[in-house]
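Under our numbering, the sequence shown is numbered contiguously, ending at residue 412.
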Amino acid sequence: MALLLRLGTALYHAGIKLAAPFMPKARAWVDGRRGLWERLEARAAALEGCLWVHCASVGEFEQARPVLETIKQARPELPILLTFFSPSGHTARKEYPLATHVEYLPADTAANASRLVALVRPRMAVFIKYEFWYQHLQALKRAQVPTYLVSAIFRRSQPFFQWYGSAHRSMLRFFDRLFVQDEGSRELLAGIGISNVTVSGDTRFDRVMDIVQQDPDLLLAAAFRSSAQGPVIVAGSTWPDDERLLGETLSSFTELRAIIVPHELGESKLNTTASLFPGPLIRWTDEADPAGARTLLVDQMGQLSKLYKYADITYVGGGFKSGIHNTLEAAAWGRPVIFGPNYDRFAEAHGLIAAGAGFSVRTTAELRDVLDRLLKEPDALHKASEAAARYVRERTGATQRVTGVLLPQLR
2 MALLLRLGTA LYHAGIKLAA PFMPKARAWV DGRRGLWERL EARAAALEGC LWVHCASVGE
62 FEQARPVLET IKQARPELPI LLTFFSPSGH TARKEYPLAT HVEYLPADTA ANASRLVALV
122 RPRMAVFIKY EFWYQHLQAL KRAQVPTYLV SAIFRRSQPF FQWYGSAHRS MLRFFDRLFV
182 QDEGSRELLA GIGISNVTVS GDTRFDRVMD IVQQDPDLLL AAAFRSSAQG PVIVAGSTWP
242 DDERLLGETL SSFTELRAII VPHELGESKL NTTASLFPGP LIRWTDEADP AGARTLLVDQ
302 MGQLSKLYKY ADITYVGGGF KSGIHNTLEA AAWGRPVIFG PNYDRFAEAH GLIAAGAGFS
362 VRTTAELRDV LDRLLKEPDA LHKASEAAAR YVRERTGATQ RVTGVLLPQL R
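1) Going residue by residue through the stretch 106-178, where are the continuous beta strand (DSSP E) segments of at least 3 residues, counting only ones entirely within it?
2) Exposed or buried, what is Ala292 when buried is set at 16 or more other beta-carbons lying within 10 Å of its beta-carbon?
3) Give me the residue from Ala399, Trp285 and Val151 with the minimum Cα distance to Arg178.
4) According to DSSP, is Thr397 helix, strand or coil?
5) Near Asn343, what residues of its chain come up, given a Cβ to Cβ distance below 6 Å and the 5 sequence neighbours on each side ignored?
6) Nearest CA to the CA of Gln182: which residue from Gly202, Leu173 and Ser171?
7) What separation, rounded to the nearest whole angstrom, lies between the Cα atoms of Thr101 and Cys51?
8) I'd like the list of long-range same chain contacts for Leu407, defined as Cβ closer than 8 Å, with 5 residues on each side in sequence excluded.
9) Look at Gln64 and Ile154 and say whether their C-beta atoms are less than 8 Å apart.
10) Can you name the start and end residues of the alpha helix (DSSP H) that Arg28 belongs to?
11) Starting from Arg374, follow the beta strand (DSSP E) in both directions and report where the run begins and ends.
12) Since I believe Val371 is in contact with Leu339 (beta carbons under 8 Å), could you give me their beta-carbon distance rounded to a whole number of angstroms?
13) Tell me where the alpha helix (DSSP H) around Val54 begins and ends.
14) Tell me whether Ser87 sits in a helix, a strand or coil according to DSSP, three-state version.
15) Under 8 Å, do Leu297 and Phe225 count as touching if we go by C-beta distance?
16) What does the Cβ neighbour count give for Leu282, buried or exposed, with the cut at 16 atoms within 10 Å?
17) My understanding is that Tyr311 touches Ala358, with C-beta atoms under 8 Å, so please give their C-beta distance in whole angstroms.
18) Going by DSSP in three states, Ser238 sits in which element: helix, strand or coil?
19) By the 10 Å Cβ neighbour count, where 16 or more other Cβ atoms means buried, how is Phe23 classified, buried or exposed?
20) To the nearest angstrom, report how far apart Asn272 and Met210 are at their CA atoms.
21) Is the stretch 399-406 close to the stretch 248-260, with three or more CB pairs under 8 Å?
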């Protein structure tokens, strides 16, 4: 079974390379890894004995960040290697100041994995949530590098729990400890004989609360908010289906102003997005006077988690594609969160719905009903807002539970 897993990974990498001439994301994956070993070798001396933190992309980095920053505060001299699987993660965080070096994860082959471990000699490795790479994990185990999985969540449908999943189960045994988000994950793992598990919760709760406690100010968003005659909705990480739904619905709510933050920021895409929303419309980078503007289109990365501060209601995109984006960034500010129908894999979405702070919609009629309820029923918005803030606040503390184990191992 391990052979089949390794073969599947090799075919997956080969497929990305074959798709590169035709697909921009695949091309970025291939191009980003050119010169990888030269870059790592140039930084090898500085990285020796590092903490290696690996994330799939931007979302997983937000889970890694509070752990990494807590460790770095306690051990400022410790070198940090931060790797990403996806180009979007690397591009967004390649200048992260606490990392000694930010790099792409080398393709998961035995030669690459052994070479990386021998080159930087990590003191510890931390993988985030869903990242399972057989060769890299095996190389770390062989080198006796303490290796941890943080903020993991498991579902019965995953290969680990299937009759054919022996190779996947073997990867779980490469970890010294698995920090999982919930008791259900611990029970699933116990059912296949994995007992080195701690229910720590999700470190994203700590990350989003940290942003709220910093209470950042965005002057343009503040001016847009203060000039509004009615409520403001902030829609983050939106895709075309989200934007069509929102654009059609907002035309019925003339009192509602919108801040739209698309997931993709190409010029053609931004023009299409702008055409879907009611005007007057201004762009973030235009730095125009927002007085009288109905829609503010944010055409710059890095603002979203702070923009939710200026909302009465929020909408988080991705629910009409592979899954919703980060709902906790909005809920942490005490804002109700609306999202599309594809949220089954996201425990926080279920939690927000159960708390009365989350709302899933499929159609413009459903979105209109939710907005009517929140904006027109007495106390509805207040209750949903309080429920969102409480849901996040009650689930903080995962970072302390994780670092309480990791830090003593780094001394």
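Note that the Cβ used here is the ideal one computed from N, Cα and C, for glycine as well.
In this structure, then:
1) The qualifying runs are 125-129 and 148-153.
2) Around the beta carbon of Ala292, fewer than 16 other beta carbons sit within 10 angstroms, so the residue counts as exposed.
3) Out of Ala399, Trp285 and Val151, Val151 has the C-alpha closest to the C-alpha of Arg178.
4) Three-state DSSP puts Thr397 in coil, outside helix and strand.
5) Answer for Asn343: Gly320 and Gly324, listed in chain order.
6) By alpha-carbon distance to Gln182, the top candidate from Gly202, Leu173 and Ser171 is Gly202.
7) Taking C-alpha positions only, Thr101 is separated from Cys51 by approximately 9 Å.
8) Contacts found: Val68, Ile72, Met125, Val127 and Tyr149.
9) By the CB criterion at 8 Å, Gln64 and Ile154 fall outside the cutoff.
10) From DSSP, the alpha helix (DSSP H) with Arg28 extends over Pro25 to Gly33.
11) No beta strand (DSSP E) holds Arg374; the alpha helix (DSSP H) holding it covers Thr365 to Lys377.
12) Note that residue 339 corresponds to Ile in the displayed sequence, not to Leu. Right, the Cβ-Cβ distance comes to about 6 Å (below 8 Å), so this counts as a contact.
13) No alpha helix (DSSP H) holds Val54; the beta strand (DSSP E) holding it covers Leu52 to Cys56.
14) Coil, per DSSP.
15) For the pair Leu297 and Phe225, the CB atoms are nearer than the 8 Å cut-off.
16) Here Leu282 is buried. Its C-beta has 16 or more other C-beta atoms within 10 Å.
17) Incorrect: roughly 18 Å between the Cβ atoms, too far for contact.
18) Note: Ser238 maps to strand in three-state DSSP.
19) Under this definition Phe23 is an exposed residue.
20) Approximately 34 Å, taken between the alpha carbons.
21) Per the Cβ contact rule, the stretch 399-406 is not in contact with the stretch 248-260 (fewer than 3 Cβ pairs under 8 Å).
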